[in-house]
Every structure is written in C-alpha cells, then in structure tokens.
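These notes concern the structure reproduced below.
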Amino acid sequence: AREDVVAEVTKAFDLLADVSAHANYHGVEVLQNLVEEIGRQMVKVLLDRHDREVVLAKQRAEVREESMRCVTGIQDAIASFKQALAQSQDRVLELESKVERYVLLGEERKKLAKALEQQLSMAQVHERELEERIESQKIESSKREAALNVAFKETTGDLQSRMAQL
C-alpha cells in the first residue's frame, strides 16, 4: 500500500514537472505560478501526512508498550492469584486436618467419658459392697464382743466363785 502511494505521488510530481516545463516553454507565467502553488500544496499535504504517520507510529508504539505493561500486570496478577489460591488451598487442607482431629478427639472424649461413667458406676457398686461388708463385720464384731463379754463375765464369775471356794 505504501509503494502505491509513493508511485502515485511520484507520478503527480512528474505531471506537475511536465506542466511546469510546458508553461515555461510557452511563457505562461500564471500557469507556472499555479503549478508551483500546486507543488507547494502537495509537499505540504505530504509533510502533514508524514507527520501524522509519525505521530500514529509513535502512538501505536505507546499503545503497544502500554499493552505490554497491561499484559505483564495481568500476568503478575494471575501469578499472585495462583499463589494466593495455592496458599488458601493449603490452609483449607490444614483446617480440614484440624477439624478431622477435633472430630476424632471428640469421639475419643465420648468413649473416655462413657468408660469413666462405667468405672464410676462399678466403683459405686464396689463402695456399697464394701460398706455392706464393713457393716456386716461391725455386726459380727459386736456379736463376738458381746459373746466375749458374756464369756468373760462367766469366766470372771467362775473365777470369783472358785476363789471364794478356795
């Protein structure tokens, strides 16, 4: 496309040069002045176009550069997001592990509480049995003591009567 524009501009300048030569040859000063003015206007248009192309090229470069900065920023944000996601997934796994441990501890605690209740119940039964034995032994002991007292009194009474007989 650029080559086509250059070819057309070259052809236009060649035609202007031919018209200028023809005006010089025939001595038509007005035509020569007109050709010079057209030439100046064409040069001005070409310079303006070139300036616009330079500005557009610069703007394209700036846009490309800004796009690259945006892409880099997006890539950095994606990398940061992936890192944060990985960290949060690690944290979720850690929390799940803790929850699992707490659940297991809760179950273990329930088992221990049940075992303690059973042991307490057995201890209470054993305590009652011991209290009953102690009570039974107290009664037996009281009976033995009473029997011993009776035997002692009888023995003492026998001894006193023998002593009295002696």
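One gets my numbering by counting positions in the sequence shown from 1 and adding 41 to each. Every residue, glycine too, gets a C-beta built ideally from N, C-alpha and C. Here the structure is a predicted model, which is why all the values come from computation and not from measurement.
{"Check": "Separation of L153 from M163, as counted between CA atoms", "Outcome": "15 Å"}
{"Check": "Own chain, CB closer than 8 Å to E141, minus 5 neighbours either side, in chain order", "Outcome": "none"}
{"Check": "Buried versus exposed, by CB contacts within 10 Å (16 or more), V47", "Outcome": "exposed"}
{"Check": "Assigned exposure category for V76 - 16 Cβ within 10 Å defines buried", "Outcome": "buried"}
{"Check": "Whether L87 touches V50 by CB criterion (8 Å)", "Outcome": "yes"}
{"Check": "Boundaries (first-last residue) of the alpha helix (DSSP H) holding V86", "Outcome": "70–206"}
{"Check": "Cα-Cα separation, K155 to Q130", "Outcome": "37 Å"}
{"Check": "Option nearest F54 by Cα separation, candidates E70, Q82, R43", "Outcome": "Q82"}
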